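Numbering (UniProt numbering), first residue to last: 1 to 430.
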Amino acid sequence: MTGQPDAQVSLSAVEVQRIKADFEILEHQVNGTDVVYLDSGATSQKPRYVYEAEQHFYENANAAVHRGAHTLAVEATEIYEEARETVAKFVGARTNELVWTSNATEALNLISYSISNASLGRGGEAAERFRIGPGDEILTTEIEHHANLIPWQELAFRTGATLRYVPVGEDGALRYDLLDELVTEKTKLVAFTHVSNVLGTITDTQRFVDAARKVGALTVLDGCQSVPHLPVDVKALDVDFMAFSGHKMLGPTGIGALYGREELLNAMPPFLTGGSMITVVDMEHAEFLPAPQRFEAGTQRIAQTHGLATAVSYLQEIGMDRIAQWEEHLGAMLYEGLSQIEGVRVFGPSDARRIGTVPFEVIGVHPHDVGQYLDSRGIAVRVGHHCAQPLHRALGVTATTRASTYLYNTEDDIKALLEALGSVREYFGV
């Protein structure tokens, strides 16, 4: 990791300032100063084009999709499906391999409940690969967000399977050396994150995929912290499923997506049932549409898909390689700067490749007090366990303060945080 970005690839300071101008909320004043937003790991800010796109839909094409023969319905359906194509291409998927969901949590639960439905005998022979029961095992890791842990805990409870996990070492690095021991012929599903939402570290996904392939286990990737920040190609990653959220990648809230291999999606029993996902219904049974529509029951989030596609186009115009380089630079600047402040402990392996996310603690000061102190200086960070209690427990703390960057952050934002932290212990008298 280097302290300077590659001038051939990365964004320039001038470009970042121009990007920042597209985000009107970053002009918001907190105690007389422009907000320094370092909480993009929780949710990103939105360029004005995103909410303008949603407004344009409501003003010009608002109608239900896949249902009407009138002009507005046709236009709404075109917008909806064009958004799917845009977002699918962004992650290297085919259009019919992308299912709209309300968020990544729903996407992961969709897989979990589809598997338990298959385990009850739903889906016929085609769903055999999704059947899990007593004696089978599900593997995840100790660094997961609760959204990629609890659905598998619940799946194990519903099916009688056993949940196992890859632990971390003292510095929070995953114990890849234990994979061969943990992945066995009993393993039916391996769920892991692409980027830790706490540590910002990038997972060696190939090691998980290779281990799973040897025993025929399904692979589920949490892409919430990678899709917004890194170039992602699901075919190159070779995972079976990937979940991600729109609101973390400049898009609206209330919209997420699930990528799944076409043959797997079409073999899975649906999670939610009702209108818009059927071909034939009588009083005894129903037949379902192929994917992705079989997983999109009811009225969908049409305006939000349009907003997300607009966000994706914005990111593509800038270039994901360039965004990744800039954030890696900011992450290195952040990690190194925090490490030099007396009384600040930084978490995560120092030699890992990471996005611009770094957790830390100010020794003797509770993270919530640190967060409020920083807020008084106009700096927004996340405090708490970040929906990752097991990881914090493994690190020996109950909570941390987390700074997380995005393409609209500048070096001055990092300097403002470091300067403020230099006086926080004195302020609290420790």
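Just so you know, even glycine gets a beta-carbon here, dropped at the ideal spot from N, CA and C.
Here the structure is a predicted model, which is why all the values come from computation and not from measurement.
Here's the rule: buried if 16 or more other CB atoms are within 10 angstroms of the residue's CB, otherwise exposed. What is residue i?
i: methionine 283; result: exposed
i: threonine 405; result: buried
i: glycine 3; result: Since pLDDT at glycine 3 reaches only 47, below the 50 mark, its modelled position is unreliable, and the value read off the structure follows with that caveat. With fewer than 16 other Cβ atoms within 10 Å, it is exposed.
i: proline 270; result: buried
i: glycine 429; result: exposed
i: glutamate 97; result: buried
i: residue 433; result: In this structure the chain extends from 1 to 430, so residue 433 is not present and cannot be described.
i: glycine 135; result: exposed
i: isoleucine 379; result: buried
i: threonine 279; result: exposed
i: alanine 286; result: exposed
i: glycine 172; result: buried
i: aspartate 351; result: exposed
i: valine 35; result: buried
With C-beta atoms as the reference, is residue i less than 7 Å away from residue j?
i: serine 102; j: arginine 158; result: no
i: arginine 353; j: isoleucine 202; result: yes
i: serine 114; j: arginine 131; result: no
i: isoleucine 25; j: histidine 229; result: no
i: alanine 83; j: alanine 309; result: yes
i: cysteine 224; j: serine 245; result: yes
i: valine 168; j: alanine 394; result: yes
i: methionine 277; j: arginine 301; result: no
i: arginine 425; j: glycine 337; result: no
If you drop the 5 nearest sequence neighbours on each side, which residues of the same chain put their C-beta closer than 7 Å to that of residue i?
i: alanine 7; result: Residue placement at alanine 7 is poorly supported in this model, since its pLDDT is 46, which falls under 50; the coordinates still yield a value, given next. No residues qualify anywhere along the chain.
i: proline 47; result: Asp22, Phe23, Leu250, Tyr314
i: aspartate 238; result: Val209
In terms of residue numbering, what span does the alpha helix (DSSP H) encompassing residue i cover?
i: methionine 242; result: Taken as a continuous stretch (DSSP letters only), methionine 242 belongs to no alpha helix (DSSP H), being part of the beta strand (DSSP E) at 241–245.
i: leucine 273; result: Correcting the residue type first, residue 273 is threonine in the shown sequence and not leucine. Element bounds for threonine 273: n/a, residue is neither H nor E.
i: aspartate 375; result: 367–376
i: tyrosine 259; result: Per DSSP, tyrosine 259 belongs to no alpha helix (DSSP H); it is in the beta strand (DSSP E), 256–260.
i: threonine 305; result: 302–318
i: lysine 89; result: 71–90
i: lysine 248; result: Neither: lysine 248 is in no alpha helix (DSSP H) and is coded neither H nor E.
i: leucine 391; result: 389–395
i: proline 151; result: 150–159
i: valine 209; result: 205–215
Once you ignore the five residues that flank residue i on each side, which residues in its own chain have a CB closer than 6 Å to its CB?
i: methionine 1; result: Any answer about methionine 1 is weak, because its pLDDT of 37 lies below 50 and its placement is not dependable; what the coordinates show is given next. The residues are Ala332.
Under 8 Å by Cβ, that's how I've got residue i and residue j pegged, so tell me the actual separation to the nearest angstrom.
i: glutamate 144; j: threonine 193; result: 6 Å
i: glycine 319; j: glycine 251; result: Rounded, the Cβ-Cβ distance is 18 Å, inconsistent with contact.
i: residue 466; j: valine 99; result: Nothing in the structure corresponds to residue 466, since the chain is present only between 1 and 430.
i: glutamate 137; j: leucine 391; result: Their Cβ separation, rounded to whole angstroms, is 21 Å, which puts glutamate 137 and leucine 391 out of contact at 8 Å.
i: threonine 105; j: leucine 139; result: Actually they do not touch by this definition, with Cβ atoms about 20 Å apart.
i: alanine 243; j: aspartate 222; result: 6 Å
i: histidine 386; j: valine 198; result: 5 Å
i: aspartate 375; j: valine 30; result: 7 Å
i: aspartate 210; j: tyrosine 176; result: Wrong, their Cβ atoms sit about 11 Å apart, outside the cutoff.
i: valine 234; j: alanine 212; result: 15 Å between Cβ atoms; not a contact.
i: valine 312; j: aspartate 39; result: Wrong, their Cβ atoms sit about 22 Å apart, outside the cutoff.
i: tyrosine 58; j: alanine 303; result: 6 Å
i: leucine 108; j: alanine 147; result: 6 Å
Using a Cβ-Cβ distance under 7 Å, would residue i count as near chain D?
i: serine 12; result: The structure shown contains no chain D; it is built from a single protein chain.
Could you check where the beta strand (DSSP E) with residue i kicks off and where it finishes?
i: serine 404; result: 400–404
i: tyrosine 165; result: 162–166
i: residue 436; result: Summary: the structure shown does not reach residue 436, with the chain confined to residues 1 through 430, and so no result is reported for it.
i: aspartate 222; result: 218–222
i: isoleucine 138; result: 137–141
i: proline 269; result: Here proline 269 belongs to no beta strand (DSSP E), and DSSP marks it neither H nor E.
Note down, in chain order, each residue of its chain lying with its Cβ closer than 8 Å to the Cβ of residue i, except the 5 sequence neighbours on either side.
i: proline 367; result: Glu361, Val383, Gly384, Ala399, Thr400, Thr401
i: proline 5; result: For proline 5, the predicted model reports a pLDDT of 49, less than 50, meaning its position is unreliable and no value from the coordinates is stated.
i: alanine 13; result: Thr410, Glu411
i: leucine 72; result: Ala61, Asn62, Ala63
i: alanine 420; result: Tyr373, Leu374, Arg377, Ile379
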